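Residue numbers (the numbering used here): 31 to 138. Every residue, glycine too, gets a C-beta built ideally from N, C-alpha and C. This structure is a prediction, so every number in the text was calculated from the model and none was measured. Okay, so here's the structure we're looking at.
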Amino acid sequence: MERFLKRKERVEIDIDNLPADPDLRPSIWSYDVNDRDRVRRAYLLKGPHQPKNHQFPQTTIGNISRRFNSNWFEDFPDWMEYSIQKDAVFCLYCYANVKKLQTFIIIE
31 MERFLKRKER
41 VEIDIDNLPA
51 DPDLRPSIWS
61 YDVNDRDRVR
71 RAYLLKGPHQ
81 PKNHQFPQTT
91 IGNISRRFNS
101 NWFEDFPDWM
111 EYSIQKDAVF
121 CLYCYANVKK
131 LQTFIIIE
């Protein structure tokens, strides 16, 4: 039977050094089935990635200039995350539980 089933080599995960930026994280579902709960728990215990002192870039949409406002972290302290890498907002609970992770809005 083993000749038909190929075992995937398990990679050891350093829970203390998981990427903080939501855009740099591998999907929870990409981890070995035996590691997913540990990784999920680690992210939920750390809480959302909220870089409050970051200089958020300004984007012009039409004639209106906009930028992320770090005060929104106070309005949504439990779940709102910001990716500096992608300049986008993510949901921590969605990352932990949803198979396909997306930002709320992507404007290209």
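> Rounded to whole angstroms, how far is the Cβ of Tyr112 from the Cβ of Pro81, which I believe are closer than 8 Å?
Replying inline: If you number the sequence shown from 1, residue 112 lands on position 82. If you number the sequence shown from 1, residue 81 lands on position 51. With a Cβ gap of about 6 Å, Tyr112 and Pro81 count as contacting.
> Whose CA, out of Gly77, Leu54, Arg68, lies closest to the CA of Ile25?
Replying inline: Nothing about residue 25 can be read from this structure; the chain reaches only from 31 to 138.
> By DSSP, does Ala72 sit in helix, in strand, or in coil?
Replying inline: What you label residue 72 is simply residue 42 of the sequence shown in a count that begins at 1. Reduced to three states, the DSSP call for Ala72 is helix.
>> Suppose only complete runs of 3+ residues qualify. What are the beta strand (DSSP E) ranges in the region 57 to 103, listed by chain order?
In response: 89 to 91, 94 to 96
>> Judging by CA-CA distance, which residue of Ser57, Glu39, Val63, Arg71 is the nearest neighbour of Ile45?
In response: Taking the sequence shown and counting its residues from 1, one reaches residue 45 at position 15. Nearest of Ser57, Glu39, Val63, Arg71 to Ile45, Cα basis: Arg71.
> Would you report the Cα separation of Val119 and Glu39, rounded to the nearest angstrom?
Replying inline: Within the sequence shown, numbered from 1, the residue matching residue 119 stands at position 89. Within the sequence shown, numbered from 1, the residue matching residue 39 stands at position 9. Roughly 34 Å separates the two Cα atoms.
>> Suppose you measure from the CA of Ile94 to the CA of Leu75; what does that come to, to the nearest Å?
In response: The residue you call residue 94 lines up with position 64 of the sequence shown. The residue you call residue 75 lines up with position 45 of the sequence shown. Between Ile94 and Leu75, the C-alpha separation is close to 38 Å.
>> Judging by CA-CA distance, which residue of Asn47, Phe98, Phe106 is the nearest neighbour of Asp117?
In response: Within the sequence shown, numbered from 1, the residue matching residue 117 stands at position 87. If we check each option's Cα against that of Asp117, Phe98 comes out closest.
>> Quick check: Tyr125 and Arg55, are their CB atoms within less than 8 Å of each other?
In response: On the sequence shown, residue 125 is found 95 positions in, with the first residue counted as 1. On the sequence shown, residue 55 is found 25 positions in, with the first residue counted as 1. With a cutoff of 8 Å on beta-carbon distance, Tyr125 and Arg55 are scored as near each other.
>> Check this for me: beta carbons of Pro78 and Trp109, under 8 Å apart or not?
In response: Here residue 78 is taken as the residue at index 48 of the sequence shown, counted from 1. Here residue 109 is taken as the residue at index 79 of the sequence shown, counted from 1. Their beta carbons are under 8 Å apart, which means Pro78 touches Trp109 by this criterion.
>> Do Ile114 and His84 have their beta-carbon atoms positioned less than 8 Å apart in this structure?
In response: Translated into the one-based positions of the sequence shown, residue 84 becomes position 54. Translated into the one-based positions of the sequence shown, residue 114 becomes position 84. Yes; because the gap between Cβ atoms is below 8 Å, this pair is in contact.
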